[in-house]
């Protein structure tokens, strides 16, 4: 009887060890960061700065800052080259991410206009989640250095055609002196990148 009990105890231990040893790993979350423009498409270009460079720099910083093994940051444009909208969307839809964030810099004829805006899709199946993510990103990124503006719906190609929640983030105005000083500085770019990452954790 004692031998049977001992054997059952050993078997139970082995069974428990097996269950924990082969516990499925948590599914990795995938976020696509789309650095706007690239190559011959500079985007906004003023005062010696180019939107394509700023958006790419911040996108790379988001990826570099990520230390979460269960969160994968995929850069859609990793380098200064031109990509068609259709190519970007094709890659996004093949990856099937949890979210895509398209990074941009704004400009205005009024030098006083400043702050961060977000644009989302009007597609019903992704509208709610996109708005929720946009609100979280805007709240995190805005603050002392960047005014929180608004969330708008827009028919931008990526927002219309990506088969996932999507947010286009305008990270300040290059035409505004205060915004420009912040988003072109290394410390400002580091902070924006860190805040974007924090908003998607």
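Residue numbers (this note's numbering): 12 to 212. Yeah, the Cβ is synthetic: ideal placement off N, Cα and C, and Gly gets one too. Note that the coordinates shown come from a computational prediction; the quantities given were computed from them, not determined experimentally.
- CA-CA distance, residue 177 to residue 168, rounds to 11 Å.
- Residue pairing by DSSP puts residue 82 in a beta bridge opposite 40.
- Within the model, the alpha-carbon separation for residue 122 versus residue 183 is close to 12 Å.
- Fully enclosed beta strand (DSSP E) runs of no fewer than 3 residues occupy 177–184 of the region 166–208, in order along the chain.
- Rounded to whole angstroms, residue 155 and residue 127 show a C-alpha spacing of 12 Å.
- Every beta strand (DSSP E) of 3 residues or more that sits fully in the region 88–135 is shown, in chain order, as 110–117, 127–131.
- Residue 49 carries a strand assignment under DSSP once its states are collapsed to helix, strand and coil.
- A straight-line Cα-Cα distance of about 32 Å links residue 38 and residue 91.
- Taking residue 118 as the centre and dropping the five residues before and after it, the same chain places the C-beta of 55, 57, 184, 185, 186 closer than 7 Å to its C-beta, in chain order.
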